[in-house]
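Contents: one structure, followed by commentary.
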Amino acid sequence: MSERQTVVPERTRRGWFFPTIREYQRSMLQADVLGGLTASAVILPQAMAYATIAGLPVQIGLYTCMLPAVVYALLGGSRALNVSTTSTIATLTASSLLAASTAAESAEPVRDLVTLTLIVGVLLILARLFRLGSLVENVSEATLIGIRAGTGLTIAATQLPKLLGIAAPPSGTGFFETLGYTVAHLVGANGATVVLSAASIALLLLIARFFARIPGALIVVVVGIVLMAFTGLAGAGVALIAPVPSGLPGIQLPDVAAFGAVLPSAIAIAIMAFLESISAGRSVRTSDEPDIDADQELLALGAASVISSFTQAMPAGGGFSQAAVSRQAGVRTQVASLTTAVIAVLVALFLAPVLSDLPQAVLGSLVIVAAVGLVKVRDFTRLARISPVEAWLALATAVVAVTAGLLAGVVTGVLITLVLVLRELNQPQVAPIYRRASGAWSIVSQPGDQPPLAAVLPLHLTSGLYTANIKPTTRAVVSAVQALTPMPAIVIFEVASLPHMSVTVLDGLRDLEASLVGLGCTLYLVGLPERAVDAACNSEWFAGFEGAGHLQPTIDAALKAAGRLT
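So that you can map any letter, position 533 of the sequence shown is 533 in full-length UniProt numbering, and since no number is skipped, the others follow by simple counting.
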C-alpha cells in the first residue's frame, strides 16, 4: 500500500461517534468513574448556581447536567470537557428570557428556555453544515477576555442582594443600577445572612488555595444545609432557595411566539458556547490526545442543545472551570461525563428535599467566587504589554458588557475583531526575493547574497490575495518599482500562495500589468497554482497573458523567457 493510501485524515480515523471512547480500555474505568464522581461534587452545585443567574429554579441546573453531558460524550472530541452550562451562557440566558417575557408577554420562563436552547442548538448545527468552525474561531482572545470580565462583574453585582439578605432588584436591572440599589438597601441587610455569606466565601477561597483537590463547592453546600437543619439560622431570617421538586424533568415543547424575541441572544449564546467550549477543551488537552476538530464540536454542542432542550436544560457548553476540575480529577475519557450525568439523575430523584434546605447566601457565594474569577487583571496587563490595541479591544468589550449588557458586549467585541481582521487583510502582502550565492532564491536576506540582476525586480506574495488586500498589494508592487533608479524593465511576481482566483483578484492583476506597462516594465507571474490557472484561463486578458509567455513555473524560467538567463 502506498504512503498516500496509508495517510488517513484524523477525522476519518476517529469517526464522528464515540470519538473519545471508541477504543475504550477496561483499565480506564476506575479512573473515569472516580474522576466523574469527584468532578460531580463541583460541577453539580456550580450548575445549580448558574441556573439562578439566569433567574431559573436550581433544578434546571441539574437537568442541564444530564442529557447535554450524555450527548457530548457520544459526539464530542475533548476527553476531559464536561458539558453542562457556563456563567457566560447563564447571563446571556437571563437577558434572553427577559426579552422573551417582554416581547411575547410570556409568563412561562421555562418554556421560553426550551425555545432558546432549541434555537441555539439549531444554529450550531447549521454552522456545522456550512463548516463555519474555523470562521467562528477567528473571534480574538482579547474579545473573550473582555467578555469574561464583563460577565464576571455583571454576575457579581446580581449576587450582592443574596449575600446581604435583601430583596432582589427588578428583573433586567443593569450593573450600575444593581450596585446603587444594593447600597440604598444596605440598612436592611440581614446580619446572619452576611456572616454566612462571608464564611462561605472565605471557606471556598481557603479550600481553593490550600486544598485544591478537595471539592470546595460540595463542602460549602453540605455545611450550609447542615447549618440550616441544626442551628437557628432559619429563625434569624436566612432565606432558602425555592423548593426543589423530586424526579426527572418532563418533556416541554417550545413556544413558537418567542422565536423572534430570543433569536438575537441565541446567536450570541451559540458563538460563546462554541468559543468557550473549544477553548476550554484545548486548554486541558494533553500532547498524546488528538486535536479537537472545530466542526465536530459544533455538531456535538448543537446536538446536545437540541436534544436536551425538550427536557428543560439550559444551552449546552463547557467552561474552563469544569474542564480543569475534570482533568485534575484524573478523568481519561467522556465516560467520566456519563458518570456525572448519572449522579445528576440520582440527586434529582433522591436528594431534592435535602437541596431545598440550601441557603440562598451559600448558592450566591458559589456564584460570586466563580464570577470574580472571570475578571483576570493579569490578562489585561499581558495584552497591554504585547498589543495595546488588543488591550483596548478587551477593555472596550468589558465596558460595553457592563454598561449596555452582555449581548451588546459580545456584538461589540465581534464587530471590533472583524474591523481588526479586515485591517490586517488590507495590508500589502509583498516581500523582496534575494538570490543566494548558489543561485537559489529566498525571501530571507543573508550575508553573501548576490546583487540583484540588472533591470530585474523579483517580488514574493507572502499571503493570499482577497478583495480586501488586492489593491494595497498591487500598489505596493508599483511603489517598489518606482523606488528603484533606474526602474527595472522586468518585474517577476512569485504568487505560489494564491491557490484560488476570484474575479476581483484577476482584475487587480490585470490592472497591475497595465500600470507596469505604463512604467515601461514587463510583468511575469511565477508559480501560480494549477487550480487558480484553470479559473483564470476563462478570462480573455489572462489567456493572452499566458499565451505571451508571461506565466512561468519558476523565477529562473521567467528570467529565461525574458532573455535574462541562458
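Positions of the beta carbon are idealized from the N, C-alpha and C atoms, including for glycine.
Here the structure is a predicted model, which is why all the values come from computation and not from measurement.
Classification of residue i by the beta-carbon crowding that lies within 10 angstroms, buried from 16 upward
i    : result
K560 : exposed
R327 : buried
T143 : buried
I155 : buried
G146 : buried
A543 : exposed
E297 : buried
G188 : exposed
T286 : exposed
N469 : buried
Q446 : exposed
P315 : buried
A212 : exposed
R111 : buried
V377 : exposed
L461 : buried
G549 : exposed
P432 : exposed
R209 : exposed
R128 : buried
G237 : exposed
Beta carbon of residue i nearer than 8 Å to that of residue j
i    : j    : result
T333 : R26  : no
T402 : G150 : Looking at the sequence shown, residue 402 is not Thr but Val. Contact: yes.
S40  : T340 : yes
A69  : S87  : no
I53  : T158 : yes
V331 : G35  : yes
I269 : T93  : yes
L62  : A344 : yes
S337 : Y72  : yes
Q360 : A239 : yes
V430 : T473 : yes
G224 : S246 : no
T115 : F310 : no
F380 : A396 : no
L67  : I307 : yes
I241 : L358 : yes
L498 : V477 : no
P264 : L407 : yes
L512 : S539 : no
A273 : G317 : yes
Q312 : L113 : yes
D32  : V399 : no
A49  : V367 : yes
G448 : A440 : no
Bounding residues of the beta strand (DSSP E) (the contiguous stretch that carries residue i)
i    : result
E494 : I490 to E494
P432 : V430 to P432
T522 : T522 to V526
Start-to-end residues for the alpha helix (DSSP H) that takes in residue i
i    : result
P458 : Looking at the DSSP string, P458 is not in any alpha helix (DSSP H); the run it does join, the beta strand (DSSP E), is V456 to L461.
T117 : P109 to L129
A476 : I470 to Q482
A48  : Ala is not the amino acid found at residue 48; the sequence shown has Met there. From DSSP, the alpha helix (DSSP H) with M48 extends over L29 to I53.
L74  : L67 to L75
S279 : F259 to S283
G544 : E540 to G547
D556 : I555 to A561
T132 : For the record, residue 132 in the displayed sequence is Leu; it is not Thr. Looking at the DSSP string, L132 is not in any alpha helix (DSSP H), and its letter there is neither H nor E.
A217 : G216 to F230
D534 : E530 to A536
P388 : P388 to A404
I60  : V58 to T64
L514 : According to the sequence shown, residue 514 is Ala rather than Leu. From DSSP, the alpha helix (DSSP H) with A514 extends over V503 to G518.
Q450 : Per DSSP, Q450 belongs to no alpha helix (DSSP H) and is neither H nor E.
E297 : A294 to S309
Supposed close pair residue i, residue j - CB separation, criterion 8 Å
i    : j    : result
V526 : I492 : 6 Å
G302 : I125 : 4 Å
A370 : Q46  : 7 Å
L196 : L233 : 7 Å
A280 : L465 : Not quite, the Cβ-Cβ distance comes to about 36 Å (not below 8 Å), so this is no contact.
L528 : V495 : 5 Å
A266 : L98  : Wrong, their Cβ atoms sit about 14 Å apart, outside the cutoff.
A489 : A455 : 4 Å
Every unbroken alpha helix (DSSP H) inside the region 322 to 364 [4 residues or more]: 335 to 350 and 352 to 355
Inside the region 162 to 210 only - beta strand (DSSP E) runs reaching at least 3 residues: none
Secondary structure, alpha helix (DSSP H): runs of 4+ residues fully inside the region 134 to 160: none
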